[in-house]
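What follows is a set of notes on a single structure, which appears directly below.
Numbering (my numbering), first residue to last: 12 to 175.
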């Protein structure tokens with residue numbers, strides 16, 4: 012019984028939202044072979060998400076497409092925002108552009124990925140847009156193991172083992 016209680020306690024601890032202090036890769040490039048296409052390999056440092064990082068992401072987005080500047084504007088005057096990491100790959104005139112940075116976490120109708128996709132044109136196409144809330148999750152890797160899921164699986168196996 013104590014093992015089950017311990018597993019639940021660990022899961023609750025891991026599930027606490029730490030998006031206010033999430034660290035993300037922050038970079039921009041318009042060439043497949045530049046550093047931002049693979050930040051963890053090219054030793055790009057993680058950056059703490061805060062208001063300055065949000066502004067930097069907006070400026071990066073503006074380099075991709077002038078129209079993105081308005082999409083990425085954030086009003087944070089009332090309450091501290093919940094932040095997430097962003098990975099955006101856009102094809103502009105046939106050339107891949109990579110943007111990694113900080114953005115507001117999805118809240119109701121605030122979904123930057125949806126807004127970016129809605130502005131696709133013949134010359135500007137969204138290839139990938141991903142938001143996540145764990146440290147460094149906007150790297151080039153396609154899959155990252157989730158610690159909470161792994162622990163939950165182990166706890167489930169322990170319970171099944173005890174039952175049978």
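Ideal Cβ positions, reconstructed from N, Cα and C, are used throughout, including at glycine.
Keep in mind the model is a prediction, meaning the values are calculated, not measured.
Would you decide whether residue 123 is buried or exposed? Buried here means 16 or more other CB atoms lie within 10 Å of its CB. buried
Return the bridge partner residues of residue 107 from the DSSP annotation. 102
Quick check on this structure: which residue in 58, 94, 80, 101 has the alpha carbon closest to the alpha carbon of residue 132? 101
DSSP-derived helix/strand/coil call for residue 173: helix
Given this structure, state the Cα-to-Cα distance separating residue 147 from residue 129, to the nearest angstrom. 27 angstroms
Please go through the region 30-89 and give each complete beta strand (DSSP E) segment of 3 or more residues, from N-terminal end onward. 34-36, 38-40, 57-59
Can you tell me which of the three DSSP states residue 113 falls into? strand
What residues in its chain sit with their C-beta under 8 angstroms from that of residue 115, if we drop five residues either side in the sequence? 65, 85, 92, 93, 94, 95, 121, 123
Run of the beta strand (DSSP E) containing residue 140, from where it starts to where it stops: 135-143
Three-state class that DSSP yields for residue 124 in the structure shown: helix
8 angstroms Cβ shell around residue 68 - same chain, five flanking residues per side excluded: 37, 83, 97, 110, 112, 113, 114
Can you list, in chain order, the residues of its chain with a C-beta nearer than 6 angstroms to that of residue 99? Leave out the 5 residues immediately preceding and following it. 110, 140
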